[in-house]
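Structure first, commentary second.
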Amino acid sequence: MDLSELNTPEMQRFYSEEQQKAVVTEMVAKVTNECWDKCISGTPGNKFSSGEASCLSNCAQRFVETNMLIWKKLQSMQ
Amino acid sequence: MDSFSSPSPGSSQQMSAQELKNKLQSQLALEYAQQFLETVRGKCFEKCITKPGSSLSGSESSCISRCVDRYIEATGIISKTLFGGSQH
Chain A
1 MDLSELNTPE
11 MQRFYSEEQQ
21 KAVVTEMVAK
31 VTNECWDKCI
41 SGTPGNKFSS
51 GEASCLSNCA
61 QRFVETNMLI
71 WKKLQSMQ
Chain B
1 MDSFSSPSPG
11 SSQQMSAQEL
21 KNKLQSQLAL
31 EYAQQFLETV
41 RGKCFEKCIT
51 KPGSSLSGSE
61 SSCISRCVDR
71 YIEATGIISK
81 TLFGGSQH
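Protein chains in written order, with the UniProt record's numbering: chain A, 1 to 78; chain B, 1 to 88.
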């Protein structure tokens with residue numbers, strides 16, 4: 001393959017789109033991993049209880065807020 | 001054979017770029033799927049196989065089935081909460 005083909009504007013756009021998707025996928029996977037442990041106790045049933053479902057949603061929102069708080073704190077310490 | 005070094009002869013530049021995109025996307029999809037499998041296996045093994053017996057019991061395997069369904073559902077809930085979409 002001609003290596004210059006790897007570096008066209010079209011390919012650059014493709015790379016950054018895939019990069020963006022990878023960041024989103026990784027974040028969803030990370031938060032799901034954390035929140036599953038916090039919200040799902042006992043063996044999994046045929047459906048989530050409303051408590052479990054709202055715990056997952058709350059957990060994701062708190063994760064984002066925690067991230068922001070820590071980020072701000074670290075910035076203020078510089 | 002290295003899949004990145006075998007341009008089909010006579011293909012236009014447009015086609016090779018498309019082929020490259022397809023290859024990268026299927027590599028990425030495989031990578032995401034493997035990571036997902038690894039995570040779900042860990043979570044559901046922990047939840048469902050609490051006392052490993054001499055064989056997998058019926059209740060253990062149905063637990064694993066439900067656990068996988070719920071983990072996929074949880075991923076959807078988290079994705080929707082974080083990004084308003086429904087991808088995972």
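Quick reminder that beta carbons are idealized off the backbone N, C-alpha and C, glycines included.
Limits of the unbroken alpha helix (DSSP H) element including residue i
{"i": "Q75/A", "result": "50-76"}
{"i": "E5/A", "result": "E5/A -> no alpha helix (DSSP H), and no H or E assigned at all."}
{"i": "N33/A", "result": "9-39"}
{"i": "I64/B", "result": "58-83"}
Beta carbon proximity, residue i to chain B, threshold 8 Å
{"i": "N46/A", "result": "yes"}
{"i": "Q61/A", "result": "yes"}
Below-8 Å beta-carbon distance, residue i vs any chain A residue
{"i": "A17/B", "result": "yes"}
{"i": "E73/B", "result": "yes"}
{"i": "Q34/B", "result": "no"}
{"i": "S79/B", "result": "yes"}
{"i": "F45/B", "result": "no"}
{"i": "R70/B", "result": "yes"}
{"i": "R66/B", "result": "yes"}
Same chain, Cβ closer than 7 Å to residue i, neighbours up to 5 away in sequence not counted
{"i": "V40/B", "result": "V68, Y71"}
Residue j beta carbon less than 8 Å from that of residue i
{"i": "T32/A", "j": "I78/B", "result": "yes"}
{"i": "T8/A", "j": "A17/B", "result": "yes"}
{"i": "R66/B", "j": "G45/A", "result": "yes"}
{"i": "S57/A", "j": "T81/B", "result": "yes"}
{"i": "W71/A", "j": "A74/B", "result": "no"}
{"i": "E34/A", "j": "F63/A", "result": "yes"}
Same chain, Cβ closer than 8 Å to residue i, neighbours up to 5 away in sequence not counted
{"i": "C44/B", "result": "C63, I64, C67, V68, Y71"}
Taking three-plus beta-carbon pairs below 8 Å as touching, is the stretch 35-50 of chain B in contact with the stretch 4-14 of chain A?
Here the stretch 35-50 of chain B does not lie against the stretch 4-14 of chain A, with fewer than 3 beta-carbon pairs under 8 Å apart.
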